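Visitor:
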Amino acid sequence: MPKYRLFLSIIVLSAVSSLFTGCNNESSEIVDENLPLPQKIDRLIEANEYETALSLLSNEDREDPDIRLLLEKTHLNYGLHSMNTFDQTEMRTRMNNALTQFTEVLKINPQNQVARDQIEQIMAIYSTIPNRQPEPEVLEGLREVGFDY
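Take the sequence shown: its letters are residues -21 to -1, 1 to 128, numbered as in mature numbering (1 follows the signal peptide of the UniProt record, and there is no 0).
Next comes the structure, spelled out in structure tokens:
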């Protein structure tokens, strides 16, 4: 259990640090092709290049525990970034993306409490807005990981 807590702390710290990084460079400038995959992913997360990170990971073995950790970390950071990037005109799109990313985290690690807490927070906000809810496919994804909204 202490090893899991340490890992969770590292993921949370990484997620929080990525929220304060405003870098928007091209991925080729961010990632040295000679770096090991975990370092490439960290650099892409720091630069808010989540789609590029997920694309790199899509070619890897999803059953490999190290790859699963990198996927979990990337999806978690992507969800937090989507949630905390302020653009009121795109709020629904951002919240749908955040919920989708947190759902992916829970598919990888059903015990990830950060993802669970963020889903609950977003859905609590939705409950205060009449006639608003996430897209149907997002709600279906939430049901797949145990949330019934």
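Backbone N, C-alpha and C define an ideal beta-carbon position, used for all residues, glycine too. Just so it is clear, the structure is predicted and the values come from calculations on it, not from any experiment.
1. Within the same chain, show all residues whose beta-carbon is closer than 6 Å to that of Met(-21), passing over the 5 residues directly before and after it, in chain order.
2. Does the beta-carbon of Gln97 have 16 or more other beta-carbons within 10 angstroms, so that it is buried, or is it exposed?
3. From Leu59, Glu69 and Lys52, pick the residue whose C-alpha is nearest to that of Ile20; which is it?
4. DSSP on Asn27, reduced to helix/strand/coil?
5. Taking 8 Å as the cut-off, decide whether the C-beta atoms of Glu114 and Asn75 are in contact.
6. In this structure, how does DSSP classify Arg22 when only helix, strand and coil are distinguished?
7. Beta-carbon separation of Thr72 and Leu121 under 8 Å?
8. Measuring straight from C-alpha to C-alpha, what distance separates Met62 and Leu55?
9. Suppose you measure from the CA of Leu49 to the CA of Leu36; what does that come to, to the nearest Å?
10. Compute the distance between the beta-carbons of Ile104 and Leu78, then report whether it is under 8 Å.
11. Looking at the structure shown, is Pro89 part of a helix, part of a strand, or coil, going by DSSP?
Guide: Looking at the coordinates:
1. On the sequence shown, residue -21 is found 1 positions in, with the first residue counted as 1. In this prediction, Met(-21) has a pLDDT of 46, which is less than 50 and means its spatial position is unreliable; what the coordinates show is noted afterwards. Correct list: empty, nothing qualifies.
2. Numbered from its first residue, the sequence shown carries residue 97 at position 118. With 16 or more Cβ atoms within 10 Å of its Cβ, Gln97 is classed as buried.
3. What you label residue 20 is simply residue 41 of the sequence shown in a count that begins at 1. Out of Leu59, Glu69 and Lys52, the CA that lies nearest to the CA of Ile20 is found in Lys52.
4. Here residue 27 corresponds to residue number 48 of the sequence shown, with the count starting at 1. Residue state, collapsed to three classes: coil.
5. As a first step, residue 114 is located in the sequence shown; it is residue number 135 there, counting from the start. As a first step, residue 75 is located in the sequence shown; it is residue number 96 there, counting from the start. Taking 8 Å as the Cβ cut-off, Glu114 and Asn75 qualify as a contacting pair.
6. Start at 1 with the first residue of the sequence shown, and residue 22 comes out as number 43. Here Arg22 sits in helix by DSSP.
7. The sequence position of residue 72 within the sequence shown is 93, counting from 1. The sequence position of residue 121 within the sequence shown is 142, counting from 1. No; because the gap between Cβ atoms is not below 8 Å, this pair is not in contact.
8. Counting from 1 along the sequence shown, the entry for residue 62 is found at position 83. Counting from 1 along the sequence shown, the entry for residue 55 is found at position 76. Met62 and Leu55: Cα-Cα distance of roughly 11 Å.
9. By one-based count along the sequence shown, residue 49 stands at place 70. By one-based count along the sequence shown, residue 36 stands at place 57. Taking the straight line joining both Cα atoms gives about 8 Å.
10. Walking along the sequence shown from the start, residue 104 turns up at place 125. Walking along the sequence shown from the start, residue 78 turns up at place 99. Not in contact: Ile104 and Leu78 (Cβ atoms no closer than 8 Å).
11. Within the sequence shown, numbered from 1, the residue matching residue 89 stands at position 110. DSSP places Pro89 in coil when its eight states are reduced to three.
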